[in-house]
Amino acid sequence: EDQVTQSPEALRLQEGESSSLNCSYTVSGLRGLFWYRQDPGKGPEFLFTLYSAGEEKEKERLKATLTKKESFLHITAPKPEDSATYLCAVQAAGNTGKLIFGQGTTLQVKP
Amino acid sequence: GAGVSQSPSNKVTEKGKDVELRCDPISGHTALYWYRQSLGQGLEFLIYFQGNSAPDKSGLPSDRFSAERTGGSVSTLTIQRTQQEDSAVYLCASSHRLAGNTGELFFGEGSRLTVL
Chain A
96 EDQVTQSPEA LRLQEGESSS LNCSYTVSGL RGLFWYRQDP GKGPEFLFTL YSAGEEKEKE
156 RLKATLTKKE SFLHITAPKP EDSATYLCAV QAAGNTGKLI FGQGTTLQVK P
Chain B
93 GAGVSQSPSN KVTEKGKDVE LRCDPISGHT ALYWYRQSLG QGLEFLIYFQ GNSAPDKSGL
153 PSDRFSAERT GGSVSTLTIQ RTQQEDSAVY LCASSHRLAG NTGELFFGEG SRLTVL
């Protein structure tokens, strides 16, 4: 069964304190791995797509990396506005529509 | 610009009643998805539509749940004989092409359903 597990469930950081969020996945052939950001009361907002092991994507203070078993979302020198829930999702090869989401990591960055 | 629009934003209903949730996707998007998010949980896939193809209904939790998409645009998710465990935020998303091409789904803000 295709599955996504994110850790930690919650993370509190001081402003400027870098850290990483983990997304472990089990999928029958990975077609793509996706990161989304979700603010309270809002729908998720797309951040990155990673397709193959070794691939990296960056956007401002965020950097996503991918291995054959997991993905990391690195947050460098975070700011309070980075506080949100970060969701990881995968799509299996041959499944042309469904994204399977993890439970998310809720990040709080304190000034 | 116009994003994905969902209505109602909040719905409180009594156990056993039927509810309809509506989604207006971004104009020109051919793919439309419904997900459910329970408190503190990740997104649970329900159903997706792609153009005129048969929808993937594999995520619908029971036969009380159904969805349709009229004219390739607006979609309605119907829950019959609601139960308390149906309480959740129902999220609709659309994409220009199938999600596998870029993974970029555009989500609405959701319809929060509370079943008393």
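Line order of the protein sequences matches chains A and B.
Take any residue in the first sequence, note its place counting from 1, add 95, and you have its number in our numbering.
Take any residue in the second sequence, note its place counting from 1, add 92, and you have its number in our numbering.
Heads up, the beta-carbon is just placed ideally off N, CA and C, and yes, glycines get one too.
Because the structure is a prediction, the values reported are computed rather than measured.
Straight-line gap, residue i to residue j (C-alpha atoms, nearest Å)
{"i": "K164 of chain A", "j": "C183 of chain A", "result": "13 Å"}
{"i": "S99 of chain B", "j": "Y131 of chain A", "result": "23 Å"}
{"i": "T170 of chain B", "j": "R156 of chain B", "result": "8 Å"}
{"i": "E110 of chain A", "j": "C118 of chain A", "result": "23 Å"}
{"i": "L208 of chain B", "j": "D110 of chain B", "result": "13 Å"}
{"i": "G143 of chain B", "j": "G189 of chain A", "result": "18 Å"}
{"i": "G200 of chain B", "j": "I118 of chain B", "result": "10 Å"}
{"i": "F196 of chain A", "j": "V99 of chain A", "result": "6 Å"}
{"i": "L152 of chain B", "j": "E177 of chain B", "result": "14 Å"}
{"i": "W126 of chain B", "j": "P139 of chain A", "result": "13 Å"}
{"i": "P147 of chain B", "j": "I139 of chain B", "result": "7 Å"}
Beta-carbon proximity check, residue i vs residue j, cutoff 8 Å
{"i": "S166 of chain A", "j": "L145 of chain A", "result": "yes"}
{"i": "L168 of chain A", "j": "L116 of chain A", "result": "yes"}
{"i": "T201 of chain A", "j": "E104 of chain A", "result": "yes"}
{"i": "K193 of chain A", "j": "F137 of chain B", "result": "yes"}
{"i": "S114 of chain A", "j": "L125 of chain A", "result": "no"}
{"i": "C184 of chain B", "j": "S167 of chain B", "result": "yes"}
{"i": "A134 of chain A", "j": "A179 of chain A", "result": "Rather than Ala, the amino acid found at residue 134 of chain A in this sequence is Asp. Their beta carbons are under 8 Å apart, which means D134 of chain A touches A179 of chain A by this criterion."}
{"i": "V122 of chain A", "j": "P173 of chain A", "result": "no"}
{"i": "H121 of chain B", "j": "S179 of chain B", "result": "no"}
Residue-level contact to chain A via CB, residue i, 8 Å cutoff
{"i": "D148 of chain B", "result": "yes"}
{"i": "G200 of chain B", "result": "yes"}
{"i": "L131 of chain B", "result": "no"}
{"i": "V159 of chain B", "result": "A quick correction: the sequence has Ala, not Val, at residue 159 of chain B. Chain A contact via Cβ: absent."}
{"i": "Y140 of chain B", "result": "yes"}
Cβ-heavy atom distance, residue i to the ligand GDP, below 7 Å
{"i": "E140 of chain A", "result": "Because no ligand of any kind appears in the structure shown, any question about the ligand GDP cannot be addressed here."}
Short CB-CB distance (under 8 Å) between residue i and chain B
{"i": "F167 of chain A", "result": "no"}
For residue j and residue i, believed in contact at Cβ under 8 Å, the rounded distance
{"i": "L113 of chain B", "j": "S203 of chain B", "result": "5 Å"}
Identify each residue in the segment 171-183 of chain A for which the Cβ-Cβ distance to at least one residue of chain B is less than 7 Å, and report them in chain order.
L182
Taking only beta carbons into account, state which residues of the segment 185-197 of chain A come closer than 8 Å to chain B, listed in chain order.
Q186, N190, T191, G192, K193, L194, I195, F196 and G197
Closer than 7 Å between beta carbons: that is the criterion. Which residues of the segment 141-153 of chain A meet it against chain B?
F141 and T144
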